[in-house]
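From first to last, the protein sequence lines are chains A and B. Its first residue numbered 1, the first sequence is counted upward by one per residue in this note's numbering. Its first residue numbered 155, the second sequence is counted upward by one per residue in this note's numbering. All residues carry an ideal CB built from backbone N, CA and C; glycine is no exception. None of the values given here were measured: they were computed from a predicted structure. Taking it in order: structure first as structure tokens, then the write-up.
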Amino acid sequence: MKSLLIKMNVNGVDREVLVDPDDRLLDVLRDELNLKSVKEGCGTGDCGICTVLMDGKPVLSCIIPAFQANNHKIVTLEGLNSDPTMQKIQQSFRKYQAAQCGFCTPAMEVVGWHLLNTEKKVDKNRIKEAISGVLCRCTGYYDIVDAVYEVAQQ
Amino acid sequence: MEQAVFNLSQIEVFQPASLKEALKILNDNRDAEIIANATDLWPRIMNGEVKPKKLVDISGLRSELSYVKREKGVIRIGALTTISELSEHQFVSEKRYRAFNDAIKLFGSPQIRNRATVGGNICAASSSEDLIPVFLAYDAKVKLASVDGERIVSLDKFVVGKRELSKRHNEMMTEVFFEEPDDGYSSVFYKIGRRNTLIINLVNLAVVGKVQDKRVVDIRIAANRVKGKIPERARKTEEFLKGRTLDEETIADAQRVFGEELSLSDDFRASAEYRKQVLKVLLKRGLNVLGV
Ligand code: FES
Ligand code: FES
Numbered sequence: 001m002k003s004l005l006i007k008m009n010v011n012g013v014d015r016e017v018l019v020d021p022d023d024r025l026l027d028v029l030r031d032e033l034n035l036k037s038v039k040e041g042c043g044t045g046d047c048g049i050c051t052v053l054m055d056g057k058p059v060l061s062c063i064i065p066a067f068q069a070n071n072h073k074i075v076t077l078e079g080l081n082s083d084p085t086m087q088k089i090q091q092s093f094r095k096y097q098a099a100q101c102g103f104c105t106p107a108m109e110v111v112g113w114h115l116l117n118t119e120k121k122v123d124k125n126r127i128k129e130a131i132s133g134v135l136c137r138c139t140g141y142y143d144i145v146d147a148v149y150e151v152a153q154q
Numbered sequence: 155m156e157q158a159v160f161n162l163s164q165i166e167v168f169q170p171a172s173l174k175e176a177l178k179i180l181n182d183n184r185d186a187e188i189i190a191n192a193t194d195l196w197p198r199i200m201n202g203e204v205k206p207k208k209l210v211d212i213s214g215l216r217s218e219l220s221y222v223k224r225e226k227g228v229i230r231i232g233a234l235t236t237i238s239e240l241s242e243h244q245f246v247s248e249k250r251y252r253a254f255n256d257a258i259k260l261f262g263s264p265q266i267r268n269r270a271t272v273g274g275n276i277c278a279a280s281s282s283e284d285l286i287p288v289f290l291a292y293d294a295k296v297k298l299a300s301v302d303g304e305r306i307v308s309l310d311k312f313v314v315g316k317r318e319l320s321k322r323h324n325e326m327m328t329e330v331f332f333e334e335p336d337d338g339y340s341s342v343f344y345k346i347g348r349r350n351t352l353i354i355n356l357v358n359l360a361v362v363g364k365v366q367d368k369r370v371v372d373i374r375i376a377a378n379r380v381k382g383k384i385p386e387r388a389r390k391t392e393e394f395l396k397g398r399t400l401d402e403e404t405i406a407d408a409q410r411v412f413g414e415e416l417s418l419s420d421d422f423r424a425s426a427e428y429r430k431q432v433l434k435v436l437l438k439r440g441l442n443v444l445g446v
């Protein structure tokens, strides 16, 4: 029997979910709410693949106990798909072929979106810093930086 | 085998709504562990290194414990202040606080900085906690609260060993604070590791001091490894430097004293000899920063 009731707003919708003390926010998002853009890589806070926005800031859902999401606002890539900036970012990722396997792409797009939404002047170094917490084992990062940079200039 | 399987889902979780309530729960439950934003503790619970029976989740106490205050020559930082929040405060951009700025930039990753807290970093009490040497170099003290009231302990008496804090079971660290050095002070923090983000430090070094007309008026040096496996001050090197004229000869002598003061150990990440060499070079760089 799951023992803790948590309330959170996920992608704009209020949710109540029963969780175990050892459930991670990652598990709840993927398994209970079927938000599969959120991936598990390392599970220990090192790769950034599980990044979501919590109260508007990028955080790692694999090291957040689900009970700590109680009363917080969570946004995943699914919640941003119809946002105009996100759509530009996604087109730009396609243009620059900024993915091979695509496993890191949701996290890269979320941190890229967050950067473009919070800062006005964004240069390539800022983009590198912003994505520095997400590992990509395929692209060598340059295409990702270029893709985000193109949207930053628009 | 006493405890064949540890069932994580049996952990009892308390989510107090106020500091007062949290302290009462801590007082009533000897076996309870405090959990803040959990960036350090949660992975260790997940891999079985820490097996708590009860958790007091203080992440909901941000309105009481997340703040940076600058008043009457003292800087006070609430335990739940995140590293990102600390980085946004204007004091870290001043020359005398550059060590903070340096440490924050090299802290985890952006996502980690949005969650990890100042109090959590101190209470994690290990050699990978970069803020401890920085706070040590500012002679910081911590405030411990319990149902019995508050008391103040200096940071070097609080973090006493690897993963070891000198506090009573019913106490919670609520604040770290230090007196502001005057604006003639300079500071710097170095961290050496294998990459630029999510670095596990091989060594780190914080230097805070005041040099006037080439003379060392005051100096504090702290590193994550001096003698043991926790951050400490290099008091002998400090004593050696105080009052001396900061020229090439003094710096070379200080490096030698520092080298003798250090008793480092090998591990799979780096040898003691390598660490010693690097720390001596960093000391020289730090002294040069102070000297200009
Ligand atoms: S899966 Fe969360 S950081 Fe790797
Ligand atoms: S595209 Fe494969 S991990 Fe980034």
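Report yes or no: is there a C-beta of chain B within less than 8 Å of the C-beta of residue i?
{"i": "threonine 105(A)", "result": "no"}
{"i": "serine 37(A)", "result": "no"}
{"i": "glutamine 68(A)", "result": "yes"}
{"i": "isoleucine 63(A)", "result": "yes"}
{"i": "glycine 102(A)", "result": "no"}
{"i": "glycine 140(A)", "result": "no"}
{"i": "glycine 133(A)", "result": "yes"}
{"i": "valine 59(A)", "result": "yes"}
{"i": "leucine 4(A)", "result": "yes"}
{"i": "alanine 130(A)", "result": "yes"}
Would a check of beta-carbon distances place residue i closer than 8 Å to chain A?
{"i": "alanine 192(B)", "result": "yes"}
{"i": "threonine 351(B)", "result": "yes"}
{"i": "asparagine 459(B)", "result": "Nothing can be reported for residue 459(B), as the shown portion of chain B is limited to 155 through 446."}
{"i": "proline 197(B)", "result": "yes"}
{"i": "glutamine 244(B)", "result": "no"}
{"i": "isoleucine 165(B)", "result": "yes"}
{"i": "aspartate 407(B)", "result": "no"}
{"i": "glutamine 169(B)", "result": "yes"}
{"i": "leucine 215(B)", "result": "no"}
{"i": "leucine 162(B)", "result": "yes"}
{"i": "aspartate 211(B)", "result": "yes"}
Could you have a look at residue i and say whether DSSP puts it in helix, strand or coil?
{"i": "asparagine 358(B)", "result": "strand"}
{"i": "proline 335(B)", "result": "coil"}
{"i": "serine 308(B)", "result": "strand"}
{"i": "asparagine 191(B)", "result": "coil"}
{"i": "tyrosine 344(B)", "result": "strand"}
{"i": "valine 74(A)", "result": "Position check: residue 74(A) holds isoleucine in this sequence, whereas valine was assumed. The answer is strand: DSSP assigns isoleucine 74(A) an E or B state."}
{"i": "serine 300(B)", "result": "strand"}
{"i": "glutamine 90(A)", "result": "helix"}
{"i": "threonine 271(B)", "result": "strand"}
{"i": "glutamate 7(A)", "result": "The identity of residue 7(A) in the sequence shown is lysine, whereas the question assumes glutamate. Three-state DSSP puts lysine 7(A) in a strand."}
Could you compute how far the alpha carbon of residue i sits from the alpha carbon of residue j?
{"i": "leucine 298(B)", "j": "glutamate 283(B)", "result": "19 Å"}
{"i": "valine 111(A)", "j": "glutamine 366(B)", "result": "45 Å"}
{"i": "methionine 155(B)", "j": "asparagine 181(B)", "result": "With a pLDDT of 37 at methionine 155(B), under the threshold of 50, the modelled position of this residue cannot be trusted; read the value that follows with caution. C-alpha separation (whole angstroms): 31 Å."}
{"i": "alanine 44(A)", "j": "arginine 423(B)", "result": "Checking the sequence, you will find threonine at residue 44(A) rather than alanine. Using only the alpha carbons, I get a separation of about 19 Å."}
{"i": "lysine 223(B)", "j": "alanine 130(A)", "result": "28 Å"}
{"i": "threonine 139(A)", "j": "glycine 133(A)", "result": "15 Å"}
{"i": "valine 13(A)", "j": "tyrosine 221(B)", "result": "30 Å"}
{"i": "alanine 69(A)", "j": "leucine 53(A)", "result": "11 Å"}
In terms of residue numbering, what span does the beta strand (DSSP E) encompassing residue i cover?
{"i": "valine 145(A)", "result": "From DSSP, valine 145(A) is part of no beta strand (DSSP E) but of the alpha helix (DSSP H) over 142–152."}
{"i": "arginine 369(B)", "result": "369–377"}
Tell me the residue span of the alpha helix (DSSP H) that contains residue i.
{"i": "proline 287(B)", "result": "285–291"}
{"i": "lysine 128(A)", "result": "124–131"}
{"i": "glycine 445(B)", "result": "426–445"}
{"i": "isoleucine 405(B)", "result": "402–415"}
| task | Report the residues of the stretch 28–53 of chain A with a CB closer than 7 Å to any CB of chain B, ordered along the chain. | result | Thr44, Gly45, Asp46, Gly48 and Thr51
| task | May I ask you to list, following chain order, the residues of the stretch 356–374 of chain B that have a beta carbon less than 9 Å from some beta carbon of chain A? | result | none
| task | Below 7 Å between beta carbons is the criterion; list the residues of the stretch 245–273 of chain B that meet it against any residue of chain A, in chain order. | result | Ser263, Pro264, Gln265, Ile266, Asn268 and Arg269
| request: For the stretch 12–25 of chain A, enumerate the residues whose C-beta is nearer than 9 Å to any C-beta of chain B, in chain order. | output: Asp20, Pro21, Asp22, Asp23 and Arg24
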